[in-house]
Structures are given as structure tokens and as C-alpha cells.
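In our numbering, the protein residues as written are 969 to 1786.
One structure below.
Below is the structure:
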């Protein structure tokens, strides 16, 4: 089902050809709005044309729908209404599992409508209702294909009949943005997922040989005299809770805190195109716990953003700037780890102890201003202010406590200009800026991003150019550059691409973004093959790819490495899917990051890695995915093994159980250990074991109320077998260094949530969070010993209640005047 979502609203370019004539539907105005009750007996649904003759996209493209669908659209001054009768010759087989809102793994047939309100073929809204009445909504754009965190307030109803099921929707104009033209046409798409058949049917065919998705939607013609309403809403909230946190392990001592706070989110439509969002005194304590891992690499761990304000409606701020290893706007920097968090220990004097060192900064407020005009011009501004953060150091003799600033008062700002061009092209400018009070460093990064395509949409040039400037202690700014150029041939099933990337040594975007490397130049090429129209054989569709990259330093211009990767995947006729992947650095190479000292390098042996995965039929009550991986290097005796399995059992329409197990062992790997007293870089040969367990339970009472439980136990152990000295030429030599650098790292988390949407846009959440972290150097302890130690470690527990009430200005005005 998730795959079907992606196919409908994904933006990855596949192939290209000339588009066929688009289907269309006339917009019919109604005098009396329908009642949203899952019945199509209202007068407005009678005698108006219906969208019919859907075409399959999955499991294979271009066939007539297996079950008849009829969709009607009408509108008035307040909203647009959709009524769908989804016929089924065997209605007892309609899947209707309940789930929480926006869930993508439910076994439930569903109906989808998409609107491209500016009719630019690039940006759109998507609303989905399952046969169980659960809502799903998202926004899409070329730079961020799936903003599923976006939640609008709209109405829907679903009802199963003796010859199919019915879906009704009311999308108020306050939920979307559109031009103020007296007559306008919108891009429009209808989709229907029939889970038991693995079938996705579309009203407007989306040809897999044509680049793009939204540009292939049909058209809703002739919307007349609809006016964007005043969009003003308030979501005040109140949070109360109780937190118990360990402050000492020996003897065990706890600190208790009573939590009581409040704040407000405000959304104001400045005009028909632009919206102002603000959060005042935000409280993000109820977001899901991060998946902490043991990280001994030279690069930081990148965490997903889960705070609603920084995930909802941020598609303009997430331009593509280098993929997963480079992100210009990394919102986790806002309210993240204080910049001097790790420096505090050096401030502790003899006779003192560190009693408090916050790992995150608190926000005063955050504001977003964003939107797009009917000429394709997008503007986005985001600003956030974080408080100064202090650690506390206590004098053990006098009891006096002093504060040390770990993060100054800081202002974060993002500015984006984005212009849509002809032929589904676009160009954008983005600037990120961090200003800190006092003498702390400030940072500014600017980027121009382009995506240019020819008239036939068969060739694409996409890339960006960035400039960073760092200001520190009143000195001259440190300036760096980063650019990337990609040339893609998107015509046919075979699609080659070429790319070039260069990052100067002084380029740095990590004050507000994330970047894992600099001082590097890469030249690469690749080829992919995609076929979703197989007529014979065991597969519905297949895909394979291969790429080869050559990397050098920029200063000096010397060899760094060759790397290559590729893979194959396909979906079988029984709806199982499988794939293989490989990654290799096939010749000896230089690693300039592992030594952790600028200018030093490690001469690394070649290696190869391969993996295989398989997913069972997702349509079944019990499904599972599994994978295995193996890596090795010639003559080095360092095999790497990993395996995972993730079963999911849908007990009934209310209850589901999911479990993820991952395990790996890595033997004989050489990597950085420490820098000794003589400033020598010490490497070592290590063995690493990792096991991760994740249990998920979900019980859904109805489309508006559910309880979920997530428990995760993660263990990773590092044993150093021997130590070596890193020589200047990158080779390893003998050393007399000794020491115990073994690591045992354990994390246990529970996130239990009761969620109730008691009114449209209004929520009551009750959350219990449990957290245990255990860390030592007892390298001989095995998994079960570490598990025992973890649950004997003092743990933090917190329970909180959060009430959010949604107030819409227009609804309030209507009530006061009626």
C-alpha cells in the first residue's frame, strides 16, 4: 500500500515521452452543500457528470480497472466536495483495518483525490480516506515529494454498501491555497487502492514512461467566483506532567519535576497565497524518542525531525542540496545540542562536580511565512529564537552552584525564493543564517538550485551552487564553496546520468545544515533500467542501477578513492518483492576523515559489501521483511555480517503488532581510537557487535482514537584487539600504547501514547516515556549481561497530558452571528 502511495504522488523522474491529452471534468456549482455522511443521496450529487473509466498503474500499467469507480465533484463558496461510489463485486473482501491518522501500513482499501490548485504540474495537495474512515493528507513538491506531516482540517465519511463502498469529502477552501482568479482550472487526480488485488487505479493515467507525476493529472475545469477565505486559526495548548530523572547512580538519587506549561500555535492566511505560522513557547516534550545509536565514526548521527512545527508545511525550505549526506536546512539544529556541550567538563575545577548540563536548547518562539503565487513564485521565511543555555557546576565543600554558558541566545533564519518555469523546470535561492549573541560564531550560507528540462521533458540538468561564510571573534569571514551538476537522460527504460561535485576545504554549513565531508571533488556516472510493463515472466516490474564514482581532494588535488554501487529489485506476480545491492571501494584508497586530524590520512584496504532482501505479500494479515548482508576485504580477515527481520501481524481491524530485529558483527576493522599524550594518532583493530529490538503495538478504537506502544532496546559493544600508530604516510605501525577503550552502550526506550481527536483539529494526548541509558568499558560482557545491567540502571520516567484545542476564526464568527 505504501508503494501505491508513492506511485501516485511521487516526484522521482523515471522516463519521458510526449504526454497524451488530459482527461477533464467540468466544475459544477451547488446551491445546497451535501451532508458528509457517507451517503450520496443529496440533491447536489444527482444529474452531474462523473469521472469513470479508471486505468491501472499497479501492479501493471494500462489495464482497465477491475472494479468500477464513479467520482463526482461539486463546489460552493465555502468548499469543494467529492463523492465517490467505489463499486465492488465482492464487498465482503473490502479491507477496512482501522489505523491512526496518516498511517501508511494499514490493510484498508482507500480513495484518493489530488488537487494542483495552481495548475503548474509541480505542486499539489492530496487527501485520502480509507474504507474504515481514516484520513490521510499530504503536500507534494519536486523538492520534497511527500510532506505527510502536513495536516489540514477537513471532513470525510466512508460507508460500506452491499455493492461496494462510498466516500464523501469536504475540503474547505481554508485548508488549501489557490489563486483569486474569477475563473480557474485546477489539476486533479482520483485514485483507488484495492488492497486484495494489489491494485492502484487512476482516473488520469500516469504513464511510467513519462517524467513526472502531477504534470500527468487531469483537469477540473471552470471553477467560478471562488474566493480564498480569511485563514485564521488558533491552537492553544496546555501541558501537565510529572518527571522522575536519576541524578546519581551511586548512591541512587532522583530528581522529580512537576511540569506545567502552555502556549499557542497561530496560523494566519495573509492573502490567498501566503500563510504565517507561529508557535509561542513551544513544548516538544511529547515527540517520539530518538533512535540513539553508538557512533564511533568521524561523522555525527543524523536524526529525523519529529517536531510538528518543523515538519508541517516546510517543503519550500527543503531544497535538494546534495542528498542524504548534505542538507542545507537541518531543523534539528534549532533547539539542538548546545555548541559548547562537550567543553563543560574542562571548566570543572578540583573540588567541583558537574550537576547539570542540558543536552538541548529551549525555544522562545518560531515563525514561518510561506506560500506560492499563481505565477509560480514561492516565498518562504522561517525564523526561530532559542534561549541561552547554561550548565551548572557545584562546589562540593561550600555547596555553591555556578553557571557556565553552553549556548548563547541564538537566532535562526531561513529565506527561500522559488520560481516555477516552463516545462516543469524551476530555479530557487535559499539562504540560512545563524546569529548568536556575544562573541560566539555566526554563520551564513547561500544557495542557488536549478532544475531545468527540455520541452519534451526528456533531458534534465539539475544542481546547485552554495557559498558559506563563518564569522568568529570579529575576524575576517571564512568563505567556502560547494557546487553540484547532474545531467540526466530521462528518455526510455534505460536512463543514464552523469554528475560532478566539488566542495572546497573551507566550506561549512553545519551551523544550520548538515554536511559529512568537505575538500572533495567527485566525478561519477550511472545507468538505471526501469520496466513497469512486463508482459511475461515472474515479475510485475523490475529495476536495476549501477554507478561509478572517482573522488579526489581539492587541495591538494590528489587521489582519494574509487567507489561503485548497484542493485536490482522487482515485484513478483504473487506480490512478494526482493532485491540485491552491492557497494565497493575496489582498490586501495585514502581515508582523510577517520584520523580526526586535518591533513592526516589513513591508507585503507579495498573492500566489498553485498546484501539481499525480501518482502512478503503486504496484502496478508501476516507479512514480513528480511535482509542479510556480508562484507569483506581481501586478506584482512575482517568479515562483516548483518541480518534483520521485521514481521507485522494484523490481529484484527483494531489491533496490530510489529517487531523489528537487527543484528550485526564486524571483525578486524581498523579505525581511530584516540590521540595519546604525545599527540600521536592511535588506531586499533576492533570487533563490534550490535543488536536492536523494536516492538510496536497499536490498538485503534475508531478513526479518531488510538493507543500505541513502542519499546526499543539497543545494544552495541566495541572490543579493541590491538593498537597501532598511524604513520604520516597513512600506513599503520607499532605502538606501545595500552589502555582499555572497550565500549558497552545500552539504550532502552518506551513511548506509550493515547491520542484522541475529540473535535476537528483538537487533540488530547497522554504520553508515558521511559528512558534508560547505560555505558561502561566492560568489553567481556555479552548481550544478556548487558541486558541485565541496563534494567538494573536507574531510569527516567515521565507522564504528561497535552490538550490542544483548535479554534477557527470563520467558524467562531459564524456561531456568533447565527
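By construction, the Cβ of each residue, glycine as well, lies at the ideal position given by its N, Cα and C atoms.
Could you give the distance in angstroms between the alpha-carbon of residue i and the alpha-carbon of residue j?
{"i": "residue 1842", "j": "residue 1467", "result": "In this structure the chain extends from 969 to 1786, so residue 1842 is not present and cannot be described."}
{"i": "residue 1340", "j": "residue 1346", "result": "4 Å"}
{"i": "residue 1170", "j": "residue 1543", "result": "20 Å"}
{"i": "residue 1209", "j": "residue 1228", "result": "7 Å"}
{"i": "residue 1072", "j": "residue 1523", "result": "47 Å"}
{"i": "residue 1766", "j": "residue 1660", "result": "23 Å"}
{"i": "residue 1370", "j": "residue 1358", "result": "9 Å"}
{"i": "residue 1276", "j": "residue 1117", "result": "7 Å"}
{"i": "residue 1168", "j": "residue 1509", "result": "14 Å"}
{"i": "residue 1521", "j": "residue 1568", "result": "12 Å"}
{"i": "residue 976", "j": "residue 1157", "result": "Caution applies to residue 976, whose pLDDT of 39 falls short of 50 and renders its modelled position unreliable; the value that the coordinates give is listed next. C-alpha separation (whole angstroms): 9 Å."}
{"i": "residue 1038", "j": "residue 1014", "result": "13 Å"}
{"i": "residue 1645", "j": "residue 1317", "result": "21 Å"}
{"i": "residue 1775", "j": "residue 1311", "result": "45 Å"}
{"i": "residue 1638", "j": "residue 1708", "result": "16 Å"}
{"i": "residue 1260", "j": "residue 1022", "result": "46 Å"}
{"i": "residue 1787", "j": "residue 1155", "result": "Nothing about residue 1787 can be read from this structure; the chain reaches only from 969 to 1786."}
{"i": "residue 1075", "j": "residue 1732", "result": "26 Å"}
{"i": "residue 1600", "j": "residue 1525", "result": "29 Å"}
{"i": "residue 1179", "j": "residue 1461", "result": "11 Å"}
{"i": "residue 1119", "j": "residue 1729", "result": "9 Å"}
{"i": "residue 1230", "j": "residue 1303", "result": "18 Å"}
{"i": "residue 1404", "j": "residue 1296", "result": "19 Å"}
{"i": "residue 1595", "j": "residue 1609", "result": "11 Å"}
{"i": "residue 1338", "j": "residue 1431", "result": "23 Å"}
{"i": "residue 1136", "j": "residue 1046", "result": "16 Å"}
{"i": "residue 980", "j": "residue 1497", "result": "Because the pLDDT of residue 980 is 32, which lies under 50, any placement of that residue in the model is unreliable, and the number read from its coordinates should be weighed accordingly. Between residue 980 and residue 1497, the C-alpha separation is close to 14 Å."}
{"i": "residue 1591", "j": "residue 1504", "result": "26 Å"}
{"i": "residue 1194", "j": "residue 1141", "result": "9 Å"}
{"i": "residue 1495", "j": "residue 1536", "result": "12 Å"}
{"i": "residue 1387", "j": "residue 1780", "result": "36 Å"}
{"i": "residue 973", "j": "residue 1095", "result": "With a pLDDT of only 39 at residue 973, under 50, the local geometry of the prediction cannot be trusted, and no value is derived from it."}
Residue range of the beta strand (DSSP E) that residue i falls in?
{"i": "residue 1452", "result": "1446 to 1457"}
{"i": "residue 1333", "result": "1331 to 1340"}
{"i": "residue 1160", "result": "1151 to 1162"}
{"i": "residue 1366", "result": "Unbroken run through residue 1366: none, as it is neither H nor E."}
{"i": "residue 1500", "result": "Segment: none, residue 1500 is in no beta strand (DSSP E) and carries neither H nor E."}
{"i": "residue 1801", "result": "This structure cannot settle anything about residue 1801, because the visible part of the chain is limited to 969 through 1786."}
{"i": "residue 1511", "result": "1507 to 1520"}
{"i": "residue 1052", "result": "1047 to 1055"}
{"i": "residue 1633", "result": "1623 to 1643"}
{"i": "residue 1592", "result": "1590 to 1600"}
{"i": "residue 1556", "result": "Where residue 1556 is concerned, there is no enclosing beta strand (DSSP E), given that its DSSP letter is neither H nor E."}
{"i": "residue 1610", "result": "1608 to 1618"}
{"i": "residue 1344", "result": "Counting along the chain, residue 1344 falls outside any beta strand (DSSP E), and DSSP gives it neither H nor E."}
{"i": "residue 1078", "result": "1078 to 1084"}
{"i": "residue 1025", "result": "1023 to 1026"}
{"i": "residue 1125", "result": "1123 to 1129"}
{"i": "residue 1321", "result": "1320 to 1324"}
Provide the residue(s) that pair with residue i in DSSP beta bridges, ordered along the chain.
{"i": "residue 1308", "result": "For residue 1308, which the question treats as bridged, DSSP gives no partner whatsoever."}
{"i": "residue 1682", "result": "1660, 1715"}
{"i": "residue 1545", "result": "1539, 1583"}
{"i": "residue 1186", "result": "1156"}
{"i": "residue 1090", "result": "For residue 1090, which the question treats as bridged, DSSP gives no partner whatsoever."}
{"i": "residue 922", "result": "Residue 922 is absent from the structure shown; the chain starts at 969 and stops at 1786."}
{"i": "residue 997", "result": "1043"}
{"i": "residue 1471", "result": "1450, 1488"}
{"i": "residue 1140", "result": "1047"}
{"i": "residue 1476", "result": "Its beta-bridge partners do not exist; DSSP assigns none."}
Output the residue ranges of the alpha helix (DSSP H) runs that lie fully inside the segment 1233 to 1302 and measure 4 residues or longer, sorted by chain position.
-> 1276 to 1279
Between the segment 1117 to 1135 and the segment 1053 to 1069, do at least 3 Cβ pairs fall closer than 8 Å?
-> yes
At least three beta-carbon pairs within less than 8 Å, the segment 1174 to 1187 to the segment 1737 to 1756 | no
Counting only runs of 3+ residues fully inside the segment 1712 to 1771, write out the beta strand (DSSP E) ranges in chain order.
-> 1730 to 1744
Should the segment 1264 to 1280 be regarded as contacting the segment 1353 to 1368, the criterion being three or more beta carbon pairs within less than 8 Å?
-> The segment 1264 to 1280, when compared against the segment 1353 to 1368, does not touch it at the 8 Å Cβ threshold.
Validate contact between the segment 1233 to 1243 and the segment 1209 to 1220 using beta carbons, cut 8 Å, 3 pairs = no
In chain order, which continuous runs of the beta strand (DSSP E) of length 3 or greater are located wholly inside the segment 1370 to 1453?
-> 1378 to 1389, 1393 to 1404, 1410 to 1421, 1427 to 1439
Would you be able to state if there are at least three C-beta pairs under 8 Å between the segment 1717 to 1725 and the segment 1674 to 1687?
-> yes
Continuous beta strand (DSSP E) assignments of at least 3 residues falling wholly in the segment 1162 to 1221 | 1167 to 1170, 1186 to 1192, 1200 to 1217
Using 8 Å as the threshold, is the segment 1374 to 1384 in touch with the segment 1394 to 1412, meaning 3 or more CB pairs across them?
-> yes
Please confirm if the segment 1627 to 1638 is in contact with the segment 1085 to 1098, defined as three or more CB-CB distances below 8 Å between the two stretches.
-> no
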